[in-house]
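Chains as they are written, first to last, in numbering that gives the first Met the number 0: chain U, 0 to 214; chain V, 0 to 598. C-beta: ideal position from N, C-alpha, C; glycine also.
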Amino acid sequence: MLEKIFLLLCFSSALANQLCKPDASDGYKVRISLKTALGDDAYVWNENEMFFFRSTLAFAMRTHVSGQRFEVSNIVVCNETPRVSFWFVVTQPQNLSQLIDKEHVEEAIRKSRSRINSAFLLTDNTLEFIGIQPTLAAPVEPVTPPWLIVFGVVMGAIAAGIIVYMVSTVVRKKRKKNEKTNGDDTDDETRVKTIESGRAADGVYNLSFADDERL
Amino acid sequence: MGNQERPKWDNPIQFLLACVSYAVGLGNVWRFPYLCQMHGGGGFLIPYLIMLVLEGVPLFCMELAVGQKMRLGSIGAWSAMNPYLGGVGLASVVTSMYLCLYYNVINAWSFWYFFNSFQSVLPWSDCPVNANQTGLLEECEKATPTQYFFYRETLNISPSINVNGGIHTSQALCLLLAWIISYLFVIRGVKSTGKVVYFTATFPYVVLFIYLIRGVTLHGALNGIQYMFTPKMEQLANPNTWINAATQIFFSLGLGFGSLIAFASYNEYNNNFERQAIAVSVINSGTSIFASIVTFAIYGFKATLNFENCLERSRMLLLNTFDLAEDSITIDTVFDWITKLNATYPEQFAQIEDKLEVCDLESELDTAVEGAGLAFIVYSEAIKNMPLPQLWSVLYFFMLLLLGMGSMLGNITAVITPMRDFKIFSRMSTEMCNGLVCMFCLLLGLSFTTTSGNYWFTMFNDYGANFSLLFVVLIEIITVSYVYGMNRFEKDIEDMLGHRPNWYWKIMWKFVSPLLLVAVFIVYIINYIQGGTPTYMAWDKEQGKTVVMEYPVFGQVFIGLLLVSSVSCVPLTALYVFCKKRKQGRHDKRENVLSTVSA
């Protein structure tokens with residue numbers, strides 16, 4: 000009796016080993032980069048972490064493959080390396096020798112990817128499932144492109160400046176007109192102008208002489 | 000000349016700052032560092048400084064003297080020097096007009112990048128996600144995010160100059176803004192320009208200084224600075240080095256456009272332009288060297304970053320292929336491990352051999368880029384990796400804006416000042432006249448914002464100004480030294496300054512500068528002829544990189560037109576004046592005959 004149980008255990012583990020091997024058709028390779036993700040705060044990858052990983056995968060399978068209660072023992076892991084990479088396959092809950100299809104496994108992992116990542120404090124890049132592409136986050140499209148906002152602000156400031164300038168010009172012209180209508184000032188202005196032009200004539204180089212020289 | 004007195008600068012400082020603002024432009028930031036790198040780093044300073052003394056300062060001073068003496072724009076000034084050579088001024092105006100058309104497009108790009116810097120994540124730091132969210136956009140993956148942002152989102156560039164498209168609205172809006180601001184700067188002529196240059200001439204130095212401090216404190220910056228300043232003296236034996244130094248000094252100072260003549264024409268008669276010429280030239284060259292230190296610090300940072308990323312990728316590849324523990328290979332030991340693994344697992348190593356990149360710091364530093372590519376692609380790539388990239392991005396593009404706008408002031412003034420010397424335009428108010436010019440340039444400039452617009456921009460940039468400027472300045476210096484006469488020129492300067500120019504100026508004006516210009520001119524012509532069909536760089540969407548393409552026939556015809564239209568002004572005007580004088584001479588002779596008979 001004992002021998003039979005022993006044989007059965009050996010057989011099942013051998014079967015499990017046979018099911019899980021590198022490049023298995025229904026298996027996936029996982030690669031974990033702890034030091035890259037967490038640096039000095041990285042935890043050590045040991046048996047307990049592996050148990051945790053298998054349980055999260057079982058959780059993912061339970062949630063997204065309807066009807067079947069997956070256990071931790073249904074996730075078979077093999078070929079662990081110091082890199083922290085390994086292969087896993089998922090067996091059916093009822094029949095330990097049958098594997099779940101690749102597509103179902105992929106779908107389950109894809110849908111629970113963010114939960115699995117956050118369970119291990121890792122990201123899509125540092126917890127890799129080789130063969131399963133992460134769905135990239137949808138781009139956040141703001142209603143108005145941000146550059147247009149800044150453009151609008153600058154244009155508005157310039158428009159305000161132009162309006163201020165034009166108003167000040169109009170106000171200045173009105174003030175000049177008011178002064179002119181007073182009358183006395185105009186004579187002073189013309190006198191001032193002639194004096195100014197006279198002074199200018201003294202200082203400006205008279206080009207007409209230069210022309211004669213050249214010709 | 001109109002009835003009103005000629006407007007003046009409020010004080011000589013405004014004139015000095017206007018010249019500095021005009022001369023110190025984008026070329027100091029993106030052309031000089033490239034030349035420095037191409038021609039042996041620190042060693043390039045030797046030919047550069049020699050050319051500054053032999054060619055830059057004398058020609059600069061000559062243009063200022065002509066403008067200040069004649070007190071007219073370029074057309075009027077050269078007509079007054081010699082009636083047959085008024086075409087030189089006209090050629091300057093035509094070239095300045097071409098420059099006005101395309102230069103503000105660069106300011107439009109600076110505005111675009113400046114506006115886009117006000118975001119939490121800079122848009123050129125990551126590739127956008129593709130339509131079904133399975134990966135990144137293909138075009139962006141093949142190129143880099145910064146290249147994608149420039150060629151696709153900024154320019155929306157077409158595959159070649161033949162393929163046309165509509166106007167890119169965002170670019171058109173930015174160009175409109177650039178022209179509105181340019182118009183506001185020159186709205187009242189020197190009165191408004193003089194106030195603006197206080198800011199546009201000085202603030203870029205503030206930003207450059209801040210960037211210098213930021214730059215040299217970046218990781219790996221010293222690699223770049225060391226690389227730049229280790230002189231490679233053998234480059235001095237290469238004649239191209241000297242020609243490039245001469246050309247760079249020439250274009251960097253903005254000679255031949257007529258802007259300097261225009262600026263100087265608003266001076267007091269006795270303004271000491273000699274000292275100002277030396278000051279501006281030295282400031283301009285100093286700024287070039289200063290900017291190249293900053294640029295090389297940034298280069299060093301970027302190259303070191305790329306090198307370390309390359310090493311990291313190699314490290315990950317090795318770790319993943321051989322399933323080693325993560326901390327067994329560090330960045331420093333990557334190369335040792337490569338040799339070790341190659342020896343111990345040759346077959347497995349052979350499988351990844353083609354995926355393994357060659358990481359070399361020297362080759363990363365060697366990638367020399369110039370022009371718009373440097374300013375908008377390489378710099379923005381470096382900025383996105385800095386801590387607090389939004390701040391640095393805003394500062395940098397604001398500085399580019401100031402440099403570009405400052406140069407635009409000179410360009411627009413070079414076109415407007417000669418125009419206002421003619422009676423038709425002097426009757427209009429300053430605001431109206433300047434507004435018309437800006438509106439005209441804006442409308443034509445919109446064609447540079449179409450999908451193939453960047454190729455037309457490159458054509459204008461490469462062929463619109465270079466050849467004609469050399470020609471114009473050569474004719475200018477020969478006119479001043481030989482046709483007008485060095486004696487008369489000396490007397491004019493004595494009249495203005497109170498002393499004759501000393502032997503340095505006379506030797507440079509009469510012999511050295513013209514000879515240098517002739518040499519550069521001949522080399523240019525030889526390069527044009529030997530260069531074969533003119534080519535341009537087109538952006539290939541599929542490959543994600545630029546490819547060399549030849550200009551089609553209409554493109555080559557247009558290049559010819561660009562060159563001929565400015566150069567031909569000189570002979571055509573001479574011919575026109577000759578015919579007019581002959582007609583007038585005949586008319587006068589007839590009148591004289593009549594008068595003697597009637598007397």
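Tell me the residue span of the beta strand (DSSP E) that contains residue i.
i        : result
Ser84/U  : 84-89
Asp539/V : 534-539
Phe128/U : 126-129
Arg30/U  : 27-31
Keeping to the same chain, check which residues put their C-beta closer than 7 angstroms to that of residue i; ignore five residues upstream and five downstream.
i        : result
Met49/U  : Val76
Thr429/V : Arg187, Gly188
Leu211/V : Ile292, Val293
Pro230/V : Gly39, Gly40, Gly41, Gly42
Whose Cβ in chain V lies nearer than 7 angstroms to the Cβ of residue i?
i        : result
Ser32/U  : Glu325
Met154/U : Leu176
My output table needs one value for residue i: the three-state DSSP class, helix, strand or coil.
i        : result
Glu493/V : helix
Thr449/V : strand
Val357/V : coil
Leu18/U  : helix
Cys18/V  : helix
Leu98/U  : strand
Asn116/U : helix
Met50/V  : helix
Asn155/V : coil
Trp8/V   : coil
Ile160/V : coil
Asn465/V : helix
Gln93/U  : coil
Asn243/V : helix
Val71/U  : helix
Arg426/V : coil
Met485/V : helix
Ala142/V : coil
Val142/U : coil
How would you write the range of the alpha helix (DSSP H) that residue i sits in, first residue to last?
i        : result
Leu56/U  : 46-63
Ile186/V : That residue, Ile186/V, is in no alpha helix (DSSP H); it is neither H nor E in DSSP.
Ser95/V  : 85-115
Leu318/V : 272-321
Lys176/U : 145-180
Ser406/V : 388-419
If I measure Cβ to Cβ from residue i and keep anything under 6 angstroms in the same chain, skipping five residues before and after, which residues do I get?
i        : result
Val71/U  : Arg53, Ser54, Ala57
Val333/V : Leu310, Ser313, Arg314
Ile162/U : none
Glu214/V : The sequence given here places Gly at residue 214/V; Glu does not occur at that position. If we look at Gly214/V and ignore the five residues flanking it on each side, its Cβ neighbours are Ala220, Val293, Ala296, Ile297.
Phe31/V  : Ser287, Ser291
Leu516/V : Leu473
Pro127/V : Leu136
Gly75/V  : Asp420
For a contact defined as C-beta to C-beta under 7 angstroms, what are the partners of residue i on chain U?
i        : result
Phe114/V : Trp146, Val149, Phe150
Phe117/V : Pro145, Val149
Thr133/V : Gln132
Leu318/V : Arg82
Could you tell me which residues DSSP puts in a beta bridge with residue i?
i        : result
Cys77/U  : Trp86/U
Met608/V : Here chain V covers residues 0 to 598 and nothing more, so residue 608/V does not appear.
Leu135/V : Val128/V
Ile166/V : Thr449/V
Might you give, ordered along the chain, the residues of its own chain that have their beta carbon closer than 8 angstroms to the beta carbon of residue i, omitting 5 neighbours on each side?
i        : result
Gly130/U : Tyr27, Lys28, Glu105
Leu121/V : Asn115, Ser379, Ile382, Lys383, Pro388, Gln389, Ser392
Just the chain U side, please: which residues come within less than 8 angstroms of residue i by C-beta, in chain order?
i        : result
Pro127/V : Pro138
Ser384/V : First, the residue type needs correcting, since residue 384/V is Asn and not Ser in the sequence shown. Those within 8 angstroms of Asn384/V in chain U number zero; the least Cβ separation is about 18 angstroms.
Asp322/V : Thr80, Pro81, Arg82, Ser84
Trp111/V : Trp146
Leu390/V : Within chain U, no residue comes near Leu390/V; the closest Cβ sits about 15 angstroms away, beyond 8 angstroms.
Note down, in chain order, every chain V residue with its Cβ under 9 angstroms from the Cβ of residue i.
i        : result
Leu135/U : Val128, Asn129, Gln132, Thr133, Gly134, Leu135
Thr125/U : Correct list: empty, because the minimum Cβ distance to chain V is about 10 angstroms.
Ile157/U : Leu176, Ile179, Ile180, Leu183
For residue i, return the contacting residues in chain V, with the cut-off set at a CB-CB distance below 8 angstroms.
i        : result
Pro238/U : Limits of chain U in this structure are 0 at one end and 214 at the other, which puts residue 238/U out of reach.
Thr122/U : By Cβ distance, chain V contributes nothing, its closest Cβ being about 15 angstroms from Thr122/U, past 8 angstroms.
Taking residue i as the query, report the chain U residues whose CB atoms sit under 9 angstroms from its CB, ordered along the chain.
i        : result
Leu360/V : None at all; the shortest Cβ gap to chain U is about 23 angstroms.
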